[in-house]
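Numbering (my numbering), first residue to last: 222 to 365.
Ideal Cβ positions, reconstructed from N, Cα and C, are used throughout, including at glycine.
Remember, it's a predicted structure, so these values are computed and weren't measured experimentally.
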């Protein structure tokens, strides 16, 4: 019963986050470099990603995957961009644990916001990976 309550509450938090994320997050300052991009990305992360992936990027066991040193975060930038643009609705195994919550699309974010938040994630939580640029997002956004 306790697990059902935790799952229900976590689901409500994620749904609430998704619905509130439909509004465009606060405008960050225009990025001029990867440090600025990551700083702006932290704003987007705190507004759109934190409830499901947590403040430390550790996720929620068996529901929302961690963002800490995973191939999804450190690997192919294009795959990561496509996840934000299209959402993700597959079970994924990371470090022997399976995560099954669907991630909604964040296509309502601007290309700059997507580049910023992915640069933040790829360079925080113990991660170290190349930045994501607006050009990277531009080439993958449908209809562009």
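CA-to-CA distance, residue 304 to residue 335, given in whole angstroms: Distance between the alpha carbons of residue 335 and residue 304: 11 Å.
Comparing C-alpha positions only, which one of 256, 346 and 309 sits nearest to residue 325? Scanning 256, 346 and 309 for the CA closest to the CA of residue 325 turns up 309.
Considering only the beta carbon of each residue, do residue 359 and residue 316 sit closer than 8 Å? No, these two residues do not count as a Cβ contact at 8 Å.
Give me the Cβ distance between residue 352 and residue 340, rounded to the nearest whole Å; I'm assuming they're in contact under 8 Å. Cβ atoms of residue 352 and residue 340 come within 8 Å of each other, at about 4 Å.
If I measure Cβ to Cβ from residue 302 and keep anything under 8 Å in the same chain, skipping five residues before and after, which residues do I get? Hits under 8 Å: 335, 339, 353, 357, 358 and 361.
Let me know the secondary structure DSSP gives residue 312 once reduced to three states. Correct three-state label for residue 312: coil.
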